[in-house]
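**Student:**
Number of protein chains: 4
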Amino acid sequence: MREREAPALREEFPHHSPITTRWADNDAFGHINNVQYYAFFDTAVTRWLVERGFLHVTEGEVICFVAETGCRYFRPLAFPERVEVGMRVARLGTSSIRYELAVFGQGNDAAAQGHFTHVTVSRATGRPVPMPQALREAAAGLMIQK
Amino acid sequence: MREREAPALREEFPHHSPITTRWADNDAFGHINNVQYYAFFDTAVTRWLVERGFLHVTEGEVICFVAETGCRYFRPLAFPERVEVGMRVARLGTSSIRYELAVFGQGNDAAAQGHFTHVTVSRATGRPVPMPQALREAAAGLMIQK
Amino acid sequence: MREREAPALREEFPHHSPITTRWADNDAFGHINNVQYYAFFDTAVTRWLVERGFLHVTEGEVICFVAETGCRYFRPLAFPERVEVGMRVARLGTSSIRYELAVFGQGNDAAAQGHFTHVTVSRATGRPVPMPQALREAAAGLMIQK
Amino acid sequence: MREREAPALREEFPHHSPITTRWADNDAFGHINNVQYYAFFDTAVTRWLVERGFLHVTEGEVICFVAETGCRYFRPLAFPERVEVGMRVARLGTSSIRYELAVFGQGNDAAAQGHFTHVTVSRATGRPVPMPQALREAAAGLMIQK
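Chains as they are written, first to last, in this note's numbering: chain A, 5 to 150; chain B, 5 to 150; chain C, 5 to 150; chain D, 5 to 150.
#1: Say whether chain D places a C-beta atom closer than 9 Å to the C-beta of residue 37 of chain A.
#2: Pull up the distance between the alpha-carbon of residue 22 of chain C and that of residue 88 of chain D, whole angstroms please.
#3: Does the separation of the CB atoms of residue 123 of chain D and residue 58 of chain D fall below 9 Å?
#4: Taking Cβ-Cβ distances shorter than 7 Å, what residues in chain C pair up with residue 29 of chain B?
#5: Just checking: is the beta-carbon of residue 113 of chain D within a distance shorter than 9 Å of some beta-carbon in chain A?
#6: Which residues does DSSP list as the beta-bridge partners of residue 90 of chain C?
#7: Would the region 115-122 of chain D count as touching the region 40-54 of chain D if we require 3 or more Cβ pairs under 8 Å?
#8: Is residue 81 of chain C near the ligand NAD, judged by its Cβ being under 8 Å from some heavy atom?
#9: What's the C-alpha gap between residue 65 of chain A and residue 137 of chain A?
#10: Report yes or no: do the region 108-115 of chain C and the region 8-16 of chain C share at least 3 C-beta pairs separated by less than 8 Å?
#11: Taking Cβ to Cβ, would you say residue 40 of chain D is nearer than 9 Å to residue 28 of chain B?
#12: Please name the residue, chosen from A:82, A:56, A:78, A:132, that lies closest to residue 142 of chain A on a Cα-to-Cα basis.
#13: Tell me whether residue 147 of chain C sits in a helix, a strand or coil according to DSSP, three-state version.
#14: Whole-angstrom Cβ separation of residue 83 of chain B and residue 26 of chain B, contact assumed at under 8 Å?
#15: So that I know if they touch, is there some Cβ in chain B lying closer than 9 Å to that of residue 103 of chain C?
#16: Does DSSP classify residue 49 of chain C as helix, strand or coil?
#17: What is the rounded straight-line gap between the Cα of residue 103 of chain D and the Cα of residue 105 of chain C?
#18: According to the neighbour-count rule (16 or more other Cβ atoms, all chains shown, within 10 Å of its Cβ), is residue 147 of chain A buried or exposed?
#19: Is the Cβ-Cβ distance between residue 35 of chain D and residue 81 of chain D less than 9 Å?
#20: If the cut is a Cβ gap below 8 Å, which residues of chain C does residue 55 of chain D touch?
#21: Output, in sequence order along the chain, the residues in the region 12-29 of chain B whose CB is closer than 7 Å to any CB in chain A.
#22: Hey, residue 24 of chain D and residue 129 of chain C: beta-carbon distance below 9 Å or not?
#23: Would you give the residue range spanned by the beta strand (DSSP E) that residue 116 of chain B belongs to?
#24: On the DSSP bridge assignment, give the partners of residue 70 of chain B in chain order.
#25: If you run the structure through DSSP and keep just helix, strand and coil, what is residue 30 of chain B?
#26: Please check if any C-beta of chain D sits within less than 9 Å of the C-beta of residue 118 of chain B.
#27: State yes or no: is the C-beta of residue 93 of chain B within less than 9 Å of the C-beta of residue 101 of chain B?
#28: Is it right to say residue 72 of chain B is buried, meaning 16 or more other beta carbons lie within 10 angstroms of its own, or is it exposed?
#29: For the region 50-75 of chain D, list every residue whose C-beta sits within 8 Å of some C-beta in chain A, in sequence order.
#30: Can you give me the C-alpha to C-alpha distance between residue 144 of chain B and residue 132 of chain C, rounded to a whole angstrom?
#31: Is the separation between the beta-carbon of residue 10 of chain A and that of residue 33 of chain C shorter than 9 Å?
#32: Report the residue from C:20, C:62, C:61, C:67 whose alpha carbon sits nearest the alpha carbon of residue 125 of chain C.
#33: Give me the Cα-Cα distance between residue 140 of chain B and residue 134 of chain B, rounded to the nearest whole angstrom.
#34: Establish whether the CB of residue 47 of chain D and some CB of chain C are separated by less than 9 Å.
Shown next, in the form of structure tokens:
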């Protein structure tokens, strides 16, 4: 394996989203299962979009499809720990947003971190459409200097 | 169907447990799927047990098996709503606890409510054993006069 | 607790639905988590409805809301066991169907069994509407003499 | 975004694992949620390990931790479609296996594909240990010439 980057720190993310873990998140080895981290990413991104009015579950012409995701796991977490998902925007295209996310338990360094790429599509056709300007501006506000 | 009882109220539960909903909790009809309410029940009960030291994920002679659960659904909830699970104890046996639980979104009346029966078993054999006295006393503290 | 009924047998169900278990179904005690049995029920019922054309994910005037569910657990199952869900109809109302379901692993007696009540509602209003006649007839075909 | 590779084909994978989708896999947009593809990957890999005796849920000195996962999504799938996960080994280290996986619905080209890296660790300490020789040999049997 290639040399692994160090875990990200809390302050490297401009937005944080709290998540309560669930008993069923723990797998048979007593740790939160690798799959659930993607539910944390998905929830942090979608909560931000819905709460700011950029995405509506059943209405609106533009919805978001997921094009690519990934995660690296540094140390295990376990229910009933509460976690926080740090979120920033790494890249903005015409119809795509690449988010970078990290899951924090206790402490300041990420337990896991990854990325999540959304494409804005027409709800009717499922084809990519340029993202609305208000979303572009809000997403740009989550970009950070690295 | 038999006549349905009215939804329970927040103040009928001595203990409340906050849960953050997740994007994937919503099913294709845009509401939190019926299955997830059991994850809420399971999480509220197990969090209470773990945080008070009555249950340990990987250690301890006594663990809890689920014998029976049930839920009635009064009105839909949807992500990104935050919910709260009210919890009380309805019946205490030698090795069983019947919890009653209700899920609250906005408002004071339950969106759904149900029950969850745990049996205390030996981790080694999976056979029922009398529950520890400290657990019995804590559970008795969650019983209410109806 | 009241005296518990014996587990149902495979042949007591006119319809069976195969389900592959998943690693994440196992909880920290190494068994399929109580919550997942409801995903099995939900999947068996909805698969039957969708495959026969009675329910469409995104179209059609009538959809189904879940009004009540319940499950009793007799013995643990674990990934990677494959399971089968037996399904029958216990009661048919104007706009409701009460299904009875049982989960089978190895062997002929149920590992768990329960019920699942659907109400047919208008997709537009979410209010109960009489179920279509074709659904009523198909559901009647799943009733059994007990 | 960088130019995207074409989806993999069924015959590029020496092992295939069938998965039944579940109603709750569909999210509010009526497609299988991005998160669930990782449950498919996790299940295919772990089923292979458990069924061949390389991993035991509650016993054995060596277990596997997940170090890194990723997925690219080409076209949506939806319940009640049955899917198949193709699996091959891309890299074998002293204590790590990088699997490549693809999810197939109808048709011969992948709906989504990704990777999943396991590290063999001591159950007692959680620290990496060299993988057992029998596992190494079986994993080598899943490597393909590209």
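All C-beta atoms, glycine included, are put in the ideal place defined by N, C-alpha and C.
A quick note: this is a predicted structure, and the numbers were derived from the prediction, not measured.
**Tutor:** The short version:
#1: It does; some Cβ of chain D falls within 9 Å.
#2: When rounded, the distance between both Cα atoms is 15 Å.
#3: In this structure, residue 58 of chain D does not lie closer than 9 Å to residue 123 of chain D by Cβ.
#4: In chain C, no part has a C-beta under 7 Å from the C-beta of residue 29 of chain B; the shortest such distance is about 12 Å.
#5: Judged by the 9 Å Cβ criterion, residue 113 of chain D is not in contact with chain A.
#6: According to DSSP, which records beta bridges pairwise, residue 90 of chain C is partnered with C:20, C:106.
#7: Under the 8 Å Cβ criterion, the region 115-122 of chain D counts as touching the region 40-54 of chain D, having at least three qualifying pairs.
#8: This structure simply doesn't include the ligand NAD, nor any ligand for that matter.
#9: The straight-line gap from Cα to Cα measures roughly 14 Å.
#10: Judged by pairs of C-beta atoms under 8 Å, the region 108-115 of chain C touches the region 8-16 of chain C, as three or more such pairs exist.
#11: In this structure, residue 28 of chain B lies closer than 9 Å to residue 40 of chain D by Cβ.
#12: With distances taken between Cα atoms, residue 142 of chain A lies closest to A:56.
#13: Three-state DSSP puts residue 147 of chain C in a strand.
#14: Right, their Cβ atoms sit about 6 Å apart.
#15: With 9 Å as the cut-off, residue 103 of chain C does not count as an interface residue toward chain B.
#16: In this structure, residue 49 of chain C counts as helix in the three-state DSSP scheme.
#17: Looking at the two C-alpha atoms, the distance is approximately 37 Å.
#18: With fewer than 16 Cβ atoms within 10 Å of its Cβ, residue 147 of chain A is classed as exposed.
#19: Taking 9 Å as the Cβ cut-off, residue 35 of chain D and residue 81 of chain D qualify as a contacting pair.
#20: By Cβ distance, chain C contributes 84.
#21: Residues 22, 23, 24, 26, 27, 28.
#22: Taking C-beta atoms as the reference points, residue 24 of chain D and residue 129 of chain C fail to come closer than 9 Å.
#23: Where residue 116 of chain B is concerned, the enclosing beta strand (DSSP E) stretches over 116-126.
#24: Note: residue 70 of chain B sits in a beta bridge opposite B:122.
#25: Here residue 30 of chain B sits in strand by DSSP.
#26: Chain D contact via Cβ: absent.
#27: The answer is yes: Cβ separation under 9 Å.
#28: Looking at its Cβ environment, which holds 16 or more other Cβ atoms inside 10 Å, residue 72 of chain B is buried.
#29: Result list: 61, 62, 67, 69, 70, 71, 72, 73, 74, 75.
#30: Computed Cα separation, rounded: 40 Å.
#31: No, these two residues do not count as a Cβ contact at 9 Å.
#32: Selected option, being the one with the closest Cα: C:67.
#33: When only Cα atoms are considered, residue 140 of chain B and residue 134 of chain B end up about 10 Å apart.
#34: Interface residue, yes.
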